[in-house]
């Protein structure tokens, strides 16, 4: 049997296969209030119909000013819980598990005025504003905002929460030496903010619920950090309560002289390095569009789960089609079964 379609269990979360839909912002909130709407319901539920093992809902802001744009979803108030519960219940009805990514865009919040960040260092991109540095008290309030977001996710019935520490957003900004120029304890100890976010989230979710941490394993800007640096940061996150690392890269600024070698599986070896160094499970992601490429990552023990991003935007039924191609048992809804008979 293809390993891609073997079950996987992490704490109390049992997945029917190892196919993950990673968080991908839809920029589809139509009222600027952060509330998910019919688009989000259909978008995520259709991937459950399509056989995905785990769906992780797009970066969802723990604070109104934490959205990338005003068209992004939020979870900063209890009023969001019913809409997410509706989504979760529907996804569960197809045998798929679902998590939600909790995040804050920090200096990359395009519509915040002004955005906030660890330090007043503007993101190097057209149209971005100079951020205001958070006070120490505000940093600690932000940690509580992540915890409250996680509490609401639990109340909505999500199976896991993912903390966004990648792609140049707030937690990444704190643990990046290029961005964090603070003089308080959160500047003297760069991983401290992310570590305390993980600890705060861990306290409010059930002990048997897995917590995912997403990180950028490498920065591509000139002078950016490498895998060895993030390994030590992730060790702190693991010890604080993260159960699995979701390994991406980049997002902190324009690509420097070293380039960004984008291609099929270009981030997989970084995931494998973290898996070995930390002795913990990882999710690999990065142009694993081809079914055989995704399968090979698992066969080579480079990761425990594989995330299929843009390919799943193109094909909501990627998992079913992969199962057919790899001669595994396909989880086809009975309503569609005749479409797969020859």
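In the numbering used here, the protein residues as written are 5 to 346.
From the three backbone atoms N, C-alpha and C, an ideal C-beta is built for every residue, glycine too.
Is residue i near residue j, with beta carbons less than 7 Å apart?
i	j	result
residue 323	residue 100	no
residue 223	residue 256	yes
residue 226	residue 254	no
residue 278	residue 251	yes
residue 19	residue 302	no
residue 24	residue 287	yes
residue 334	residue 341	no
residue 219	residue 245	no
residue 83	residue 161	no
residue 306	residue 281	no
residue 170	residue 66	no
residue 128	residue 210	no
Rounded to the nearest angstrom, how far is the Cβ of residue i from that of residue j, given a contact under 8 Å?
i	j	result
residue 70	residue 107	7 Å
residue 217	residue 202	7 Å
residue 91	residue 40	7 Å
residue 205	residue 154	4 Å
So, for residue i: in the same chain, excluding its five sequence neighbours on each side, which residues have a beta-carbon less than 6 Å away from its beta-carbon?
i	result
residue 321	54
residue 157	104 and 165
residue 285	248 and 308
residue 38	77 and 78
residue 344	336
Measure the C-alpha to C-alpha separation of residue i and residue j and round it to an integer number of angstroms.
i	j	result
residue 355	residue 6	Past the boundaries of the shown model lies residue 355; the chain is included only from 5 to 346, so the question cannot be answered.
residue 58	residue 102	5 Å
residue 135	residue 119	5 Å
residue 182	residue 152	29 Å
residue 296	residue 52	21 Å
residue 74	residue 163	27 Å
residue 111	residue 33	21 Å
residue 268	residue 64	27 Å
residue 174	residue 109	5 Å
residue 48	residue 316	11 Å
residue 147	residue 330	44 Å
residue 221	residue 97	35 Å
residue 240	residue 176	14 Å
residue 43	residue 29	12 Å
residue 2	residue 299	No answer is possible for residue 2: the residues shown for the chain start at 5 and end at 346.
residue 325	residue 113	37 Å
residue 310	residue 289	6 Å
residue 138	residue 168	18 Å
residue 338	residue 50	15 Å
residue 351	residue 304	This structure gives no information on residue 351, because the portion of the chain shown stretches from 5 to 346.
Have a look at the DSSP bridge pairing and note the partners of residue i.
i	result
residue 166	105 and 216
residue 310	23 and 288
residue 249	217 and 286
residue 255	For residue 255, which the question treats as bridged, DSSP gives no partner whatsoever.
residue 134	Answer is none; residue 134 lacks a bridge partner.
Excluding the 5 residues flanking residue i on each side, which residues of the same chain have their C-beta closer than 7 Å to its C-beta?
i	result
residue 159	85
residue 15	212, 213, 214 and 247
Leaving out the 5 sequence neighbours to the left and right, which residues in its chain are closer than 8 Å to residue i when beta-carbon positions are compared?
i	result
residue 10	21 and 22
residue 178	122, 184, 190, 194, 195, 196, 197 and 198
Cβ of residue i less than 7 Å from any chain B Cβ?
i	result
residue 327	No chain B is part of this structure, which consists of one protein chain only.
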